[in-house]
Amino acid sequence: MTDVTDGVLHTLFHSDQGGHEQVVICQDRATGLKAVIALHSTALGPALGGTRFYPYASEADAVADALNLSRGMSYKNALAGLDHGGGKAVIIGDPEKIKSEELLLAYGRFVASLGGRYVTACDVGTYVADMDVVARECRWTTGRSPENGGAGDSSVLTAFGVFQGMRASAQHLWGDPTLRGRKVGVAGVGKVGHHLVEHLIADGAEVVITDVREESLRRITDLHPEVTVVADTDALIRTEGLDVYAPCALGGALNDDTVSVLTAKVVCGAANNQLAHPGVEKDLADRSVLYAPDYVVNAGGVIQVADELHGFDFDRCKAKATKIFDTTLEIFAHAKADGIPPAAAADRLAEQRMAEARAH
392 MTDVTDGVLH TLFHSDQGGH EQVVICQDRA TGLKAVIALH STALGPALGG TRFYPYASEA
452 DAVADALNLS RGMSYKNALA GLDHGGGKAV IIGDPEKIKS EELLLAYGRF VASLGGRYVT
512 ACDVGTYVAD MDVVARECRW TTGRSPENGG AGDSSVLTAF GVFQGMRASA QHLWGDPTLR
572 GRKVGVAGVG KVGHHLVEHL IADGAEVVIT DVREESLRRI TDLHPEVTVV ADTDALIRTE
632 GLDVYAPCAL GGALNDDTVS VLTAKVVCGA ANNQLAHPGV EKDLADRSVL YAPDYVVNAG
692 GVIQVADELH GFDFDRCKAK ATKIFDTTLE IFAHAKADGI PPAAAADRLA EQRMAEARAH
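Under the working numbering, think of the first position of the sequence shown as 392, with each following residue one higher.
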């Protein structure tokens, strides 16, 4: 355990992944809860970000994930124009095996002990029903059901925001903010991906999909038999004539192997942390592939959960999510002017907003 602690402290105080204000290690032996809450920044307001429930290979992996995800939330919230900093929590364990009402209540008490510095929501492995339980112990909980004063599933606006980012990409690259007649490949057609497909079909795009779950594919092809299904992501990214690739499953979709064979001219999807390692954004630029930074275009969900704190209004949220189009265009313009990849331009804009907030 000493090694893990030393590693965490070194990461926090010395590495590029650090710079966090606070990291809380939580344990409740009675329920089996082991959790990490990471607050990267509260410069713009209370840290906001979801709770991931996942069977990590090690405690060190869990801490690293919490640090990376919370840092990403700072940037996402800054560019979404929200008065929130970035935070993220991870609960260690298989949710299918150890998730219980008592565990979630214990977790809620830990979040509540931070006194509003961290506002939680859903993420991988947690759902609206779980947030309803957490909210019984913690008022700083979003992503709740409409019956409990929440906005419910945030995937509708997440998909809408990704579609706005895709329209901006089309405007920048082809001079027209539409996907009509373009071939778009969507990897992962679950919670967010299937809504994105509906937007694309309504806009006149030719859609190619893949997913590891047969039922997710069937849900789309039953409604839209014109949609093409391919075996896997490897086949999707090699599809001839692909204009846009939308990774909407797990992170790390863009790596040395995938970038080198990608046929698409645009990458714009809902998955978090799409760049597998630093340098991938330059590889994309070198191949003339336009990358719409993931944390910019997938911010519709966090816009929705943030709005819950003020009494949820769908139209107000949709209006904010529509601005993802303008933000994405602004990032492309900065990237072009400064001769840097869009991911670097997005980071600069986010850091500028956080720095300005700290200065006041």
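Glycine included, each C-beta is placed from N, C-alpha and C at the ideal position.
On a predicted model such as this, the values are computed, not experimentally measured, just so you know.
Looking at residue j and residue i, is the spacing between their C-beta atoms short of 7 Å?
i, j, result
"VAL481", "SER560", "no"
"GLY477", "SER491", "no"
"VAL618", "ILE600", "yes"
"ARG495", "VAL515", "Note that residue 495 is Leu in the sequence shown here, rather than Arg. Taking 7 Å as the Cβ cut-off, LEU495 and VAL515 do not qualify as a contacting pair."
"PHE703", "ALA542", "yes"
"ARG573", "GLU528", "no"
"CYS708", "ASP717", "no"
"THR530", "PRO437", "What sits at residue 530 in the sequence shown is Arg, not Thr. It is not a contact, given that the beta carbons lie outside the stated cut-off."
Candidates the options: which alpha carbon is nearest residue i's?
i, options, result
"VAL510", "VAL502, THR517 and LEU403", "VAL502"
"GLU412", "GLY632, HIS585, GLN743 and LEU505", "LEU505"
"LEU473", "THR433, LEU495 and ALA640", "THR433"
"LEU720", "ASP706, TYR682, ALA697 and ARG707", "TYR682"
"ASP623", "PRO537, ALA578, HIS725 and PHE723", "ALA578"
"TRP565", "ALA455, GLN665 and ASP634", "ASP634"
"THR517", "SER536, ARG508 and GLY507", "SER536"
"ALA457", "PHE705, VAL399 and ALA667", "VAL399"
"ARG744", "HIS475, GLY660, ASN664 and LEU424", "HIS475"
"ALA526", "VAL547, LEU700 and ALA637", "LEU700"
"LYS425", "ALA661, GLU493, LYS714 and ARG558", "GLU493"
"VAL454", "LYS479, LYS467 and PRO437", "LYS479"
"ALA661", "GLY692, ASP419 and ARG609", "GLY692"
"ARG558", "GLU450, ILE715 and ALA512", "ILE715"
"ILE489", "LYS467, VAL598 and ASP419", "ASP419"
"VAL603", "LEU641, GLU589, THR569 and THR630", "LEU641"
"PHE554", "CYS659, HIS405 and LYS467", "CYS659"
"THR630", "ASP729, HIS725 and ALA655", "ALA655"
Could you check the C-alpha separation between residue i and residue j for me, to the nearest Å?
i, j, result
"LEU430", "PRO616", "45 Å"
"ASP544", "VAL519", "7 Å"
"ARG571", "ALA469", "31 Å"
"ASP594", "ILE628", "22 Å"
"ALA497", "LEU439", "19 Å"
"HIS401", "ILE416", "16 Å"
"LYS711", "ILE694", "7 Å"
"ILE483", "VAL414", "15 Å"
"ASP685", "THR422", "35 Å"
"ALA750", "LEU435", "11 Å"
"VAL620", "LEU403", "44 Å"
"ILE722", "GLY556", "11 Å"
"VAL650", "ALA626", "13 Å"
"GLY410", "GLU605", "42 Å"
"ASP613", "ASP567", "31 Å"
"ARG759", "ALA471", "The shown model of the chain, from 392 to 751, leaves out residue 759, and the question about it has no answer."
"HIS585", "GLU538", "25 Å"
"GLY632", "THR713", "28 Å"
"ALA512", "MET522", "7 Å"
"GLU747", "ALA741", "10 Å"
"VAL427", "ALA737", "27 Å"
"SER461", "GLU589", "30 Å"
"GLN562", "VAL598", "19 Å"
"ASN459", "HIS668", "12 Å"
"PHE705", "PRO486", "30 Å"
"MET392", "LEU666", "The predicted model places MET392 with a pLDDT of 43, which falls under 50 and marks its position as unreliable; any figure quoted below should be read in that light. Looking at the two C-alpha atoms, the distance is approximately 30 Å."
"ARG678", "LYS727", "15 Å"
"ASP452", "THR569", "41 Å"
"HIS405", "ALA724", "33 Å"
"ASP729", "ALA676", "13 Å"
What distance in whole Å lies between the Cβ atoms of residue j and residue i, which are believed to be in contact at a cut-off of 8 Å?
i, j, result
"LEU653", "VAL680", "6 Å"
"VAL696", "THR533", "4 Å"
"ASN689", "GLY552", "6 Å"
"CYS639", "LEU587", "6 Å"
"GLY540", "ALA637", "About 33 Å; that fails the 8 Å criterion."
"ALA580", "SER607", "For the sequence presented, residue 580 should be read as Val rather than Ala. Indeed, because the Cβ distance is near 5 Å, the residues count as touching under 8 Å."
Hey, is residue i close to the ligand FAD, as in C-beta under 6 Å from one of its heavy atoms?
i, result
"LYS727", "The model depicted lacks the ligand FAD and carries no ligand whatsoever."
Open item on the list: Measuring CB atoms only, is the region 723 to 734 touching the region 672 to 689, in the sense that at least three cross pairs come out at less than 8 Å?
Closed with: A contact exists between the region 723 to 734 and the region 672 to 689.
Open item on the list: Would you call the region 436 to 455 in contact with the region 634 to 647, where contact means no fewer than 3 C-beta pairs closer than 8 Å?
Closed with: no
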